[in-house]
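All remarks here apply to the structure that follows.
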Amino acid sequence: MPDGTSRFTCKGKTILHYMGTSTFSEYTVVADISVAKIDPSAPLDKVCLLGCGISTGYGAAINTAKVEPGSTCAIFGLGGVGLATIMGCKVAGASRIIGIDINKDKFAKAKEFGVSDCINPQDFSKPIQEVLVEMTDGGVDYSFECIGNVK
1 MPDGTSRFTC KGKTILHYMG TSTFSEYTVV ADISVAKIDP SAPLDKVCLL GCGISTGYGA
61 AINTAKVEPG STCAIFGLGG VGLATIMGCK VAGASRIIGI DINKDKFAKA KEFGVSDCIN
121 PQDFSKPIQE VLVEMTDGGV DYSFECIGNV K
């Protein structure tokens, strides 16, 4: 729970929640901030896929960075959060969205979502930031790390 407590015990020992929601359990007790109301007419086999990655990526572009029309954006990582970030940049009116990932298999889907250029850092002998500076005549306006690895 947000206050550091748990509602679960086993043989007198506290069991902590996994990621605050215990989504791997059959039943759980969660704080109200971990619950979202789903429209009863929405297909559950589709909405079950909408986790925090969508709102995280989209919100990063729209609410946090406040991407401006005509800007150039770089998205590092083209998984779920990266694709949602692409959507946010596109809706905000970015004129160029560069997708960066070491897995070329993700490029086709990224282009469907609105990426204008896809690059694999492993295809270059110089640091990716130098590649981006050259591609954009000076650098990007917004850069998003969606890899999930802070190292």
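Residue numbers (the UniProt record's numbering): 1 to 151.
The beta-carbon is built from N, C-alpha and C at its ideal position, and this holds for glycine as well.
Quantities reported herein were computed from a predicted structural model and do not represent experimental measurements.
Exposed or buried, TYR58, counting other C-beta atoms within 10 Å across all chains shown (16 or more means buried)? buried
Excluding the 5 residues preceding and the 5 following ILE38 in the sequence, name in chain order all residues of the same chain whose CB lies nearer than 8 Å to its CB. LEU44 and VAL47
N-terminal and C-terminal residue of the alpha helix (DSSP H) that ASP45 is part of: 44-47
Meets three-Cβ-pair contact criterion under 8 Å: the segment 87-105 and the segment 58-73: yes
Beta-carbon of LYS13 versus every beta-carbon of chain B: anything under 8 Å? Of the chains in the structure shown, none is chain B; there is only one protein chain.
Residue range of the unbroken alpha helix (DSSP H) whose run includes GLU112: 107-113
Limits of the unbroken beta strand (DSSP E) element including THR64: Careful: THR64 lies outside any beta strand (DSSP E) and carries neither H nor E.
Helix, strand or coil at THR5 [DSSP, three-state]: coil
Range of the contiguous alpha helix (DSSP H) that encloses GLY88: 80-92
Spatial neighbours of ASP113 within its chain, please: C-beta separation below 8 Å, excluding the five flanking residues on both sides. Correcting the residue type first, residue 113 is Phe in the shown sequence and not Asp. If we look at PHE113 and ignore the five residues flanking it on each side, its Cβ neighbours are LEU83, ILE86, MET87 and LYS90.
Between SER116 and TYR142, what straight-line distance do the alpha-carbon atoms span, to the nearest angstrom? 15 Å
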